[in-house]
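What follows is a short report on a single structure.
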Amino acid sequence: MRLLGMSLRFHEIAESGHRILNPLTDDKLNLLGEICDFAPGTRILDLACGKGELLSRWAADYGVQGVGVDISKVFLNAARIRANELGVADRVKFVEADAGA
Numbered sequence: 001m002r003l004l005g006m007s008l009r010f011h012e013i014a015e016s017g018h019r020i021l022n023p024l025t026d027d028k029l030n031l032l033g034e035i036c037d038f039a040p041g042t043r044i045l046d047l048a049c050g051k052g053e054l055l056s057r058w059a060a061d062y063g064v065q066g067v068g069v070d071i072s073k074v075f076l077n078a079a080r081i082r083a084n085e086l087g088v089a090d091r092v093k094f095v096e097a098d099a100g101a
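Mapping to full-length UniProt numbering: the sequence shown position 94 is 94, numbers consecutive.
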């Protein structure tokens, strides 16, 4: 567990300046949302959600609802802040858990 903790802390520091924590640009995130053509109220489960950018943006842009799961308290705190910034905190929930368990 110590190795995971050190690795997680490194990841939190390395990704501190990024909203999206994978090799996906804003344009590609928007395009993916358009291709999915979500109906308002569609429910999404975002495993390893990181800072919740995908879920929060799609809630704001397409009216989806969802749950994001991540093991990082740091990232989940950022996800909740972002959901509030976008006015979607009532439609998304972020849960601390190991998505791989």
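Ideal Cβ placement from N, Cα and C applies to all residues, glycine included.
With respect to G68, R43 sits apart: the two C-beta atoms are not nearer than 8 Å. Apart from the 5 residues on each side of it in sequence, D37 has no Cβ closer than 7 Å to any other Cβ in its chain.
The three-state secondary structure of F38, taken from DSSP, is coil. Annotation: the continuous beta strand (DSSP E) that includes V95 extends over 92-96. Closest in alpha carbon position to P40, among V74, A59, P23, is A59. Counting along the chain, V74 sits inside the alpha helix (DSSP H) bounded by residues 73-85. Beta-bridge partners of R43 (DSSP): Q65. D70 is bridged by DSSP to E96. Contact check for Y62 against G87 fails: the beta carbons are separated by 8 Å or more.
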